[in-house]
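In the order they appear, the protein sequences are chains P and V. If you read the first sequence in my numbering, its first letter stands for residue 1, the second for the next number, and so on. If you read the second sequence in my numbering, its first letter stands for residue 344, the second for the next number, and so on. Okay, structure first, notes after.
Number of protein chains: 2
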Amino acid sequence: MKANKTTIKDVALKAGISVTAVSLILNGKGERFSSETKRKVHQAQLELDYYPDYYARGLVGQRNNSIGVVIPNIKNPFFSSLALSIEQAAIPKGYFPQIFSVNGFKENIDYFIEQFASGTQKGLVLAAPGASKEIVDKLSIHNDIPMVLTDQADLNTDDDRVLIAEEKSGKEIAHYLLSLGHKRVAFVIPRKLTMNLVKRFTGYTEAFIEYGLEVSEDLIFRTDFGPEGGVKAAKEIIKTDATAIIAINDDVAMGVFKGLHSLGKSVPGDYSIVGFDDFNLNKYLIPSLTTMAQPIELIGQKIVELMIERIQYPNRPSKRIVLDTKLKIGDSTRQINEGGRVL
Amino acid sequence: MKANKTTIKDVALKAGISVTAVSLILNGKGERFSSETKRKVHQAQLELDYYPDYYARGLVGQRNNSIGVVIPNIKNPFFSSLALSIEQAAIPKGYFPQIFSVNGFKENIDYFIEQFASGTQKGLVLAAPGASKEIVDKLSIHNDIPMVLTDQADLNTDDDRVLIAEEKSGKEIAHYLLSLGHKRVAFVIPRKLTMNLVKRFTGYTEAFIEYGLEVSEDLIFRTDFGPEGGVKAAKEIIKTDATAIIAINDDVAMGVFKGLHSLGKSVPGDYSIVGFDDFNLNKYLIPSLTTMAQPIELIGQKIVELMIERIQYPNRPSKRIVLDTKLKIGDSTRQINEGGRVL
DNA sequence: AAACAGTAGTAAAACGGTTTACCAAATACG
DNA sequence: CGTATTTGGTAAACCGTTTTACTACTGTTT
């Protein structure tokens with residue numbers, strides 16, 4: 001038979017004082033009580049190993065301090081790093097992020113929406129591009145709840161956003177490859193294009209136009225997210241005359257790399273590869289990947305900053321912060337000569 | 344001015360029926376009500392966009408369905424994969440894991456203990472070897488709460504555990520390297536040895552003894568977790584006559600690999616490397632790493648299985664499940680000839 | 001026709017805290 | 001010395017659900 005849960009009443013009884021007093025004292029609002037009384041309360045709490053019930057406490061004082069963070073896939077190092085950076089920024093401020101990794105589970109989204117709609121979280125960070133739309137729609141009625149998005153889509157919400165300069169990033173990557181002499185560049189992109197990818201792609205294209213070149217349709221490869229997708233794409237790419245490859249993220253880039261390798265091609269000998277994200281294992285790859293690094297830590301910090309502002313001043317006008325990325329040149333890219341493939 | 348939260352009363356009012364009826368109907372226990380009434384309730388819910396308050400609901404019916412999962416580091420692919428596999432096993436059964444990544448934050452542990460002690464979770468999975476001891480101690484009084492550990496330590500608790508055959512694994516790795524002709528094998532281990540590592544190490548040693556060899560102290564390298572630790576270790580290892588390296592996990596192995604590479608050494612040419620864990624990016628590394636694969640999915644499944652059993656039958660005797668690992672031979676190891684380094 | 005069983009519904013008591021409003025005794029003030 | 005204020009404390013309302021224990025009514029048996 002289980003012992004009944006120890007409640008505040010038990011503490012009050014043990015300390016020989018009222019429930020009110022116990023509550024106030026344990027919440028640091030007990031200035032008015034004598035230090036002797038306080039001592040007895042703390043003593044009783046310790047002896048009974050009392051912890052206030054989370055639900056009861058949440059029910060009355062609406063002050064919970066947890067913020068929900070929705071990410072698409074916990075296994076993608078970019079998102080797990082982002083989750084960590086949000087955590088690191090939030091905890092010192094007294095907020096505790098709760099990670100929801102959607103992972104393609106329908107139930108997951110439902111569960112999280114329910115959780116959120118029922119008032120568990122004080123705010124919501126949606127770091128799941130694409131999935132956002134659906135979620136934002138479902139939650140749109142609750143628009144008095146602070147949200148921060150990392151979504152470029154033109155959603156008709158006035159939520160705060162932390163974004164990266166997608167177009168500029170795309171352009172910079174393309175410029176870099178073009179400056180190395182690559183003219184035939186393959187793009188490996190996902191089947192479903194989210195808004196940020198469209199923008200990034202626009203940037204790529206602009207760079208080509210500035211060089212008097214154009215992006216040819218036959219060098220665009222649509223595949224799945226994740227390394228498997230990259231492996232598949234590699235098989236197609238070697239049938240073309242491409243000399244460089246831009247992957248939608250490092251995860252995919254790794255797959256392309258592996259795919260090329262097992263087809264007997266070398267990097268950067270036969271192909272230059274550029275990734276995107278700079279997840280944390282990147283610098284340990286051999287050869288290391290040239291990639292457009294997202295400022296993950298900064299993104300996390302800004303997200304938390306906006307979130308806290310918004311919680312404190314619910315009616316302040318919405319903000320949109322755009323952060324710059326940084327090209328990190330690794331060993332996966334190299335100059336090629338005018339004529340063709342080999343330097 | 345914010346609109347007041349819509350409560351069950353509003354729904355009842357709108358539907359012209361009692362609060363009880365609304366509650367029962369919305370929880371699928373309203374068989375006895377006429378379908379017309381049900382319709383009205385659902386209608387009202389929809390129109391008012393009503394979601395039951397999480398706290399109120401939690402307060403009364405103690406049936407929340409969330410289980411806490413504590414992992415040491417969300418960035419380590421092994422643990423993020425484990426978290427995912429727990430999620431995949433739990434959700435179909437109607438339980439929702441909540442991930443707490445400790446990440447070395449003292450506040451994190453405190454927060455989570457408070458959360459847990461205050462009854463938020465129905466059960467607790469401690470997948471944080473080493474940290475467990477402290478936590479288990481603090482929570483020991485609440486020993487009526489279902490816990491599943493993945494800790495080899497001889498804690499005096501009767502909690503369920505899901506473990507891997509550490510000693511056997513260690514032995515198998517060593518046997519494999521010995522069978523390839525390696526006699527001088529370096530070990531890269533963390534500074535702080537948890538119980539599982541001690542056991543694994545025992546296995547290594549046994550294999551050496553069976554071969555009439557012994558593990559020499561000067562080939563044991565203690566370093567930090569993570570790839571950085573591996574890089575550091577590599578610098579020391581090349582000063583020795585080791586021909587093979589066993590790393591405590593794949594994360595570290597990658598670092599060793601990178602370190603050797605930047606010191607002009609090749610793998611498996613100069614050194615064979617074996618890792619542990621088999622995190623999900625492993626097969627995309629070049630060369631792919633020989634590693635002792637943990638059955639991550641199965642671990643997740645067993646954890647959830649035990650947890651649910653324990654929730655349903657709190658008094659059943661505790662179980663301890665030991666799972667086998669599997670050596671996955673990659674391209675990072677090779678045979679060497681009797682004499683010395685080169686085949 | 002009396003007893004019985006459904007049927008469709010409700011009022012009120014929990015759940016475990018926090019907070020508001022109030023009080024009695026002790027002390028300070030003029 | 002009578003009144004005002006401070007000190008140390010409490011009783012009770014409330015938060016939004018779920019659940020228990022009724023009730024009134026309508027058929028159905030025997």
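Beta carbons are placed, not taken as given, at the ideal position from N, Cα and C, and that holds for glycine.
In DSSP terms, what residue i is bridged to
| i | result |
| --- | --- |
| Asp-277/P | Ala-293/P |
| Pro-190/P | Thr-223/P |
| Arg-161/P | Leu-149/P, Arg-320/P |
| Val-347/P | Missing from the structure shown is residue 347/P; chain P here goes from 1 to 343 and no further. |
| Ser-272/P | Ala-244/P |
| Ile-209/P | For Ile-209/P, which the question treats as bridged, DSSP gives no partner whatsoever. |
| Gly-68/P | Gln-98/P, Leu-124/P |
| Val-362/V | Bridge partners of Val-362/V: none, in fact. |
| Val-528/V | Ala-587/V |
CB contact check: residue i to chain V, cutoff 8 angstroms
| i | result |
| --- | --- |
| Gly-340/P | Because the pLDDT of Gly-340/P is 49, which lies under 50, any placement of that residue in the model is unreliable, and the number read from its coordinates should be weighed accordingly. False, the Cβ-Cβ gap to chain V never drops below 8 angstroms. |
| Tyr-55/P | yes |
| Lys-258/P | yes |
| Thr-120/P | yes |
| Gln-312/P | no |
| Ser-80/P | yes |
| Lys-75/P | yes |
| Gly-275/P | no |
Buried versus exposed, by CB contacts within 10 Å (16 or more), residue i
| i | result |
| --- | --- |
| Leu-624/V | buried |
| Leu-742/V | Residue numbering for chain V in the displayed model covers 344 to 686; residue 742/V lies beyond these limits and cannot be assessed. |
| Gly-573/V | buried |
| Thr-566/V | buried |
| Ser-169/P | buried |
| Thr-120/P | buried |
| Arg-200/P | buried |
| Lys-171/P | buried |
| Tyr-271/P | buried |
| Ser-262/P | exposed |
| Glu-167/P | buried |
| Asn-347/V | exposed |
First and last residue of the uninterrupted beta strand (DSSP E) at residue i
| i | result |
| --- | --- |
| Thr-566/V | 563 to 566 |
| Lys-326/P | 326 to 328 |
| Val-665/V | 663 to 666 |
Residues near residue i in its chain [Cβ-Cβ closer than 6 angstroms; skip 5 each side]
| i | result |
| --- | --- |
| Phe-568/V | Pro-533 |
| Arg-663/V | Arg-504 |
| Tyr-211/P | Leu-178 |
| Arg-184/P | Asp-241, Ala-242, Thr-243 |
Contact with chain P by residue i, beta-carbon distance below 8 angstroms
| i | result |
| --- | --- |
| Thr-634/V | no |
| Phe-448/V | yes |
| Leu-521/V | no |
| Leu-556/V | no |
| Glu-724/V | The requested residue 724/V does not occur in the structure, where chain V is confined to residues 344 to 686. |
| Asn-592/V | no |
| Met-344/V | The predicted model places Met-344/V with a pLDDT of 39, which falls under 50 and marks its position as unreliable, so this point remains unresolved. |
| Ser-609/V | no |
| Glu-430/V | yes |
| Leu-686/V | The predicted position of Leu-686/V is uncertain, since its pLDDT is 44 and thus under 50; a value taken from the coordinates is nonetheless stated next. Judged by the 8 angstroms Cβ criterion, Leu-686/V is not in contact with chain P. |
| Phe-439/V | yes |
The alpha helix (DSSP H) enclosing residue i, as first and last residue numbers
| i | result |
| --- | --- |
| Lys-514/V | 509 to 522 |
| Gly-466/V | From DSSP, Gly-466/V is part of no alpha helix (DSSP H) but of the beta strand (DSSP E) over 466 to 469. |
| Gln-98/P | Element bounds for Gln-98/P: not the alpha helix (DSSP H) but the beta strand (DSSP E), 96 to 101. |
| Ser-424/V | 420 to 433 |
| Ile-113/P | 106 to 117 |
| Ser-377/V | Taken as a continuous stretch (DSSP letters only), Ser-377/V belongs to no alpha helix (DSSP H), as it is neither H nor E. |
| Asp-251/P | 250 to 262 |
| Gly-58/P | 54 to 60 |
Neighbourhood of residue i by C-beta, 7 angstroms cutoff - its chain only, sequence neighbours within 5 removed
| i | result |
| --- | --- |
| Asp-620/V | Phe-421, Asn-592, Asp-593, Thr-634, Gln-637 |
| Leu-641/V | Leu-666 |
| Thr-37/P | Ile-17, Ala-21 |
| Gly-577/V | The residue you asked about is not Gly; residue 577/V is Ala in the sequence shown. Here the set comprises Val-599, Gly-602, Leu-603, Leu-606. |
Cβ shell of residue i (< 8 angstroms), same chain only, five flanking positions each side left out
| i | result |
| --- | --- |
| Lys-383/V | Ala-358, Gly-359, Ile-360 |
| Met-1/P | In this prediction, Met-1/P scores a pLDDT of 38, lower than 50, which makes its location untrustworthy; the coordinate-derived value is nonetheless stated afterwards. Answer for Met-1/P: no residue qualifies. |
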